[in-house]
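The structure appears below as structure tokens.
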């Protein structure tokens, strides 16, 4: 199969769909890989490095979209990209369709087969291709919160961990999944006072064992969220419903009861965000203020550390990508976990949660593939 890797064009996105090491694996498996010139610049991989790995270099993204059987990216296709997709072509990347009706419409009209990293599953019910970026984003969320809390950036003027004799910041993490766990780990490591809220008692028990009392855990209810958010210096939104829009856990009305100049970091912004007042921002202008509360809602946080992020992402996506390149649609029929990643196929939405969030018709993946 001919596999194409275009350069990412979303603002301040420096990751790349295939690293040179991943390219070698595809070529070794007998596939042709075409990489757009400059695609690896963000990770320090030159065109010559890609040539050495066995790739052919294309001068434009148009050449890749017009000739590749499968497109491997990182971020969701932008309007100029989904317009170039075609029927019979496989797109393998993050999509986050539930919060992006325009993209969903574009992919449906293209007739392509779109497999989303974030909804591929594993035998334990996890999301193995979302996990590495969740790990990165969770850790970065604390760095972002610490920076936004600095006074010259509009924050309260607090150091997350305090110093001897001075109380540390109170960090509240909404959600105890991968993002929340890594956010709590970073915050606790810096010396902050940390509380994690989640609706799963088994997960709260796991976190209690993991952190050995260094992090408080609370069952998530309307009352407990209000109590913790109102006392927080920084709130990390880390709630995920696979394929669906994120629930709005903090309303605009609640902001008035929060500490002035406290910080909200919405890691769920790709799925619409879990704060009512969230809207996507970029690394160029990462924050804005609503009712005296600083909001950090960068939609591609891991793009800030592209070397780490690209390597971690490729480690996870490689076996699935090789399966798609080797077997095409048959790989989806053979592997229910990979099939769970199928979001769009030949003009049909094939992920139930995304379809419900978008109020669009849904066709089960197995039915769409068989048609």
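Residue numbers (my numbering): 767 to 1137.
Idealized CB from N, CA, C, for every residue including glycine.
Note that this is a predicted model, so its numbers are computed, not measured.
Can you list the beta strand (DSSP E) stretches of 3 or more residues lying completely in the region 879 to 943, in chain order?
-> 879 to 882 and 936 to 940
Grouping DSSP H, G and I as helix and E and B as strand, with all else coil, what is residue 1054?
-> strand
How long is the line joining the alpha carbons of residue 876 and residue 842, rounded to whole angstroms?
-> 14 Å
Tell me whether residue 1037 is buried or exposed, calling it buried when 16 or more other Cβ atoms sit within 10 Å of its Cβ.
-> buried
Alpha-carbon to alpha-carbon, residue 1011 and residue 1044 = 13 Å
Could you tell me which residues DSSP pairs with residue 798 in its beta bridges?
-> 768
List the residues that DSSP assigns as beta-bridge partners of residue 1061.
-> 1030 and 1054
Answer with buried or exposed for residue 1137, where buried requires no fewer than 16 other C-beta atoms within 10 angstroms of its C-beta.
-> exposed
DSSP puts residue 1003 in a beta bridge; with which residues?
-> 940 and 1032
Exposed or buried, which one is residue 886 when buried takes at least 16 other CB atoms within 10 Å?
-> buried
Straight-line gap, residue 801 to residue 867 (C-alpha atoms, nearest Å) | 29 Å
Can you tell which of 1022, 1073, 848 and 791 has the C-alpha that lies nearest to the C-alpha of residue 873?
-> 848
Specify whether the region 943 to 953 and the region 891 to 902 touch according to this definition: at least 3 beta carbon pairs, one from each stretch, less than 8 Å apart.
-> yes
Helix, strand or coil at residue 969 [DSSP, three-state] | helix
May I ask you to report which of helix, strand or coil DSSP gives residue 983?
-> strand
Could you check if residue 797 is buried or exposed, using at least 16 other CB atoms within 10 Å of its CB as the buried criterion?
-> buried
Count the other CB atoms within 10 Å of the CB of residue 1080; is the residue buried (16 or more) or exposed (fewer)?
-> buried
Would you identify the three-state DSSP class for residue 989, choosing helix, strand or coil?
-> helix
So what does residue 1128 bridge to, in DSSP terms?
-> 1115
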